[in-house]
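What follows is a single structure, written as structure tokens, with notes after it.
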């Protein structure tokens, strides 16, 4: 039996260990993923703009209807971040080995709960409520980037 050396055809070349039987990523699949990422980023930007407008209305009026609209927008934003998490090319990790985005989502959820409690208790300190509102907007902005 004769051994071939040098350039082998694909049919006779040994398979790499990392191949799992799936075809390698093609230019089309890469372009499709990039398109999905761009559409997702655009949607997140739009939702963040809506959240900012609702936060401004909430800080000006402090009505229960404005609070519910703001809360629903934040929940939609967080759900979209979770849904789009798998679209990201790579995930960032924090020092403890946790994925940074998931930590931000948990922090934003906790901040939203605390903000709701503060709103429902009708704190006399309106500045503390506005500070919590700004902190939540900052967490959402961190997720957007």
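Residue numbers (this note's numbering): 10 to 154.
Ideal Cβ placement from N, Cα and C applies to all residues, glycine included.
- Task: Pick out whichever of 126, 82, 135 has its Cα sitting closest to the Cα of residue 146.
- Result: Within the chain shown, residue 146 is the residue found at index 137, counting from 1. Comparing Cα-Cα distances from residue 146 to each of 126, 82, 135, the minimum goes to 82.
- For the candidate residues 77, 55, 67, 35, whose alpha-carbon lies nearest to that of residue 143? As a working mapping, residue 143 is identified with position 134 in the chain shown. Out of 77, 55, 67, 35, 67 has the C-alpha closest to the C-alpha of residue 143.
- Message: Distance check for residue 140 and residue 79, CA to CA, integer angstroms please.
- Response: Sequence index remark: in the chain shown, residue 79 carries index 70 (1-based). Sequence index remark: in the chain shown, residue 140 carries index 131 (1-based). Cα-Cα distance, rounded: 16 Å.
- Mind checking whether residue 73 and residue 116 have CB atoms under 8 Å apart? Here residue 73 corresponds to residue number 64 of the chain shown, with the count starting at 1. Here residue 116 corresponds to residue number 107 of the chain shown, with the count starting at 1. No, they are not a contact pair.
- Message: Would residue 46 and residue 90 qualify as a contact pair, given that the criterion is a beta-carbon distance under 8 Å?
- Response: Residue mapping note: residue 46 aligns to position 37 of the chain shown, counting from 1. Residue mapping note: residue 90 aligns to position 81 of the chain shown, counting from 1. Their beta carbons are not under 8 Å apart, which means residue 46 does not touch residue 90 by this criterion.
- Message: To the nearest angstrom, how far is the alpha carbon of residue 84 from that of residue 57?
- Response: For this step, residue 84 is matched to residue 75 along the chain shown. For this step, residue 57 is matched to residue 48 along the chain shown. The straight-line gap from Cα to Cα measures roughly 11 Å.
- Thinking C-alpha only, which one of 40, 124, 137 is nearest residue 76? On the chain shown, residue 76 is found 67 positions in, with the first residue counted as 1. The alpha carbon of residue 76 has as its nearest neighbour, out of 40, 124, 137, the alpha carbon of 124.
- Query: If you draw a straight line from the alpha carbon of residue 137 to that of residue 122, how long is it in whole angstroms?
  - Reply: For the purposes of this step, residue 137 is taken as the residue at position 128 of the chain shown. For the purposes of this step, residue 122 is taken as the residue at position 113 of the chain shown. Pairing residue 137 with residue 122, the inter-Cα distance amounts to about 15 Å.
- Message: Rounded to whole angstroms, what is the Cα-Cα separation between residue 64 and residue 48?
- Response: For this step, residue 64 is matched to residue 55 along the chain shown. For this step, residue 48 is matched to residue 39 along the chain shown. Linking residue 64 to residue 48 through their CA atoms gives a straight-line distance of about 24 Å.
- Query: Mind checking residue 114: buried by the 16 CB within 10 Å criterion, or exposed?
  - Reply: For the purposes of this step, residue 114 is taken as residue 105 along the chain shown, with counting starting at 1. Buried, because 16 or more other Cβ atoms sit within 10 Å of the Cβ of residue 114.
- Ends of the alpha helix (DSSP H) at residue 70? Sequence index remark: in the chain shown, residue 70 carries index 61 (1-based). Where residue 70 is concerned, the enclosing alpha helix (DSSP H) stretches over 36-70.
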